[in-house]
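Colleague: Dropping the structure in here first, questions after.
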Amino acid sequence: IKAWLDTGVRPSDIRLFFPHDKGETIFGYYIKEIDVTLTVSDPRAIASARAAEAVMIKEDITPVAAEILVGHPSFSAGTLDFLCMWKGKLVIWDWKTSNAVDKNGYPLQVGAYKGFFEYMTRLKVHGLVIMKLSKDTASFEPYEVPNLKLAYDSFKLLCRFYMQWLRLSDDLKIKQIKKIITI
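Heads up: the sequence shown at position 160 corresponds to 302 in my numbering, and the numbers run straight through without jumps.
Given below as structure tokens:
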């Protein structure tokens with residue numbers, strides 16, 4: 143993605159960015175004579191990268207930025223994976239290579255990234271997508287977060303709860319837990 147942003151041209155084959163049996167990675171230089179046999183790279187990483195490449199081609203994505211550090215002084219910080227134009231709108235994509243999409247936890251994470259990004263830039267993001275990339279078949283599966291505001295509001299609420307919890311003494315925490323759990 144960074145080579146695409148630097149050159150303004152979508153790379154012709156993402157495999158060119160992995161080590162080849164001829165040695166070094168190429169980083170944006172597309173030399174037809176180079177053998178693209180990938181003998182030293184993890185096949186699961188290659189499959190995930192090919193899945194990302196496939197979804198960007200299929201969905202006609204225009205990259206805006208990648209790996210942006212975002213944060214808010216009252217909450218936290220993190221790295222936003224990918225900001226792009228998708229279906230004519232500014233959208234955040236978060237790449238996931240786990241076996242399943244956690245539809246409870248991941249929306250809070252990307253909801254936080256959206257809130258942090260908008261706080262820092264004053265730009266409006268119109269979508270959040272958790273893009274599951276297969277490590278086995280180079281396939282992809284998008285999950286669009288349905289309620290953008292609720293995702294960020296839930297994250298902020300959990301942060302406030304956590305900060306209150308940290309302020310409690312250990313003895314008080316134990317007493318509260320004992321009320322809930324019979325030991």
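Every residue gets a Cβ at the ideal spot worked out from N, C-alpha and C, and that includes glycine.
How far does the beta strand (DSSP E) with E209 in it extend, from its first residue to its last?
Modeller: Numbered from its first residue, the sequence shown carries residue 209 at position 67. Here the beta strand (DSSP E) through E209 covers T204 to G213.
Colleague: Going by Cα to Cα distance, which pick from F303, F297, K231 and K238 is closest to P326?
Modeller: Residue 326 is absent from the structure shown; the chain starts at 143 and stops at 325.
Colleague: Cα separation between A242 and Y285?
Modeller: Your numbering for residue 242 matches position 100 in the sequence shown. Your numbering for residue 285 matches position 143 in the sequence shown. Going from the Cα of A242 to the Cα of Y285 covers about 11 angstroms.
Colleague: Use the C-beta contact count for K266: other C-beta atoms within 10 angstroms, 16 or more gives buried, fewer gives exposed.
Modeller: Residue mapping note: residue 266 aligns to position 124 of the sequence shown, counting from 1. Exposed, since its Cβ has fewer than 16 Cβ neighbours within 10 Å.
Colleague: Thinking just about the alpha-carbon of each residue, which of I210, I272 and G253 is nearest to the one in K291?
Modeller: Mapped onto the sequence shown, residue 291 falls at position 149. Among I210, I272 and G253, the Cα nearest to that of K291 is on G253.
Colleague: Ignoring anything shorter than 3 residues, give me the beta strand (DSSP E) runs that lie fully in the region 184-266, in order along the chain.
Modeller: Fully enclosed beta strand (DSSP E) runs of 3 or longer: 204-213, 219-228 and 231-238.
Colleague: Do you know whose CA, among G150, S218 and R152, lies nearest L250's CA?
Modeller: Your numbering for residue 250 matches position 108 in the sequence shown. Checked all of G150, S218 and R152; the closest Cα to L250 is S218.
Colleague: Please report the distance separating the alpha-carbon of E283 from that of D148.
Modeller: Start at 1 with the first residue of the sequence shown, and residue 283 comes out as number 141. Start at 1 with the first residue of the sequence shown, and residue 148 comes out as number 6. Going by the C-alpha atoms only, they are around 27 angstroms apart.
Colleague: Rounded to whole angstroms, what is the Cα-Cα separation between G269 and V197?
Modeller: Position 127 of the sequence shown, counting from 1, holds the residue named residue 269. Position 55 of the sequence shown, counting from 1, holds the residue named residue 197. Between G269 and V197, the C-alpha separation is close to 16 angstroms.
Colleague: Can you name, in chain order, every residue of its own chain whose Cβ lies under 8 angstroms from the Cβ of K245, other than the five neighbours on each side?
Modeller: As a working mapping, residue 245 is identified with position 103 in the sequence shown. Here the set comprises Y285.
Colleague: Is L225 buried or exposed, if buried means 16 or more other CB atoms sit within 10 Å of its CB?
Modeller: Walking along the sequence shown from the start, residue 225 turns up at place 83. Burial call: buried.
Colleague: Apply the 10 Å Cβ neighbour rule to F258 and answer buried if 16 or more other Cβ atoms are within range, or exposed otherwise.
Modeller: Taking the sequence shown and counting its residues from 1, the one referred to as residue 258 is at position 116. Per the 10 Å Cβ criterion, buried.
Colleague: Quick one: what's F282 bridged to in DSSP?
Modeller: Counting from 1 along the sequence shown, the entry for residue 282 is found at position 140. F282 pairs with L275.
Colleague: From the DSSP secondary-structure annotation, give me the bridge partner or partners of L270.
Modeller: Position 128 of the sequence shown holds residue 270. Answer by DSSP bridge pairing, in chain order: I234.
Colleague: Taking the alpha-carbon positions, what's the L158 to A145 distance?
Modeller: In the sequence shown, counting from the first residue as 1, residue 158 sits at position 16. In the sequence shown, counting from the first residue as 1, residue 145 sits at position 3. If you take the alpha carbons of L158 and A145, they lie about 11 angstroms apart.
Colleague: Can S190 and T239 be called in contact, C-beta distance under 8 angstroms?
Modeller: Here residue 190 is taken as the residue at index 48 of the sequence shown, counted from 1. Here residue 239 is taken as the residue at index 97 of the sequence shown, counted from 1. For S190 and T239, yes; Cβs fall inside 8 angstroms.
Colleague: How about R192 and A280: do their beta carbons lie closer than 8 angstroms?
Modeller: Locating residue 192 in the sequence shown gives position 50, where the first residue counts as 1. Locating residue 280 in the sequence shown gives position 138, where the first residue counts as 1. Yes, the Cβ-Cβ distance between R192 and A280 is below 8 angstroms.
Colleague: Quick one: using the 10 Å Cβ neighbour count with 16 as the cut-off for buried, is V151 buried or exposed?
Modeller: Taking the first residue of the sequence shown as position 1, residue 151 is located at position 9. Exposed.
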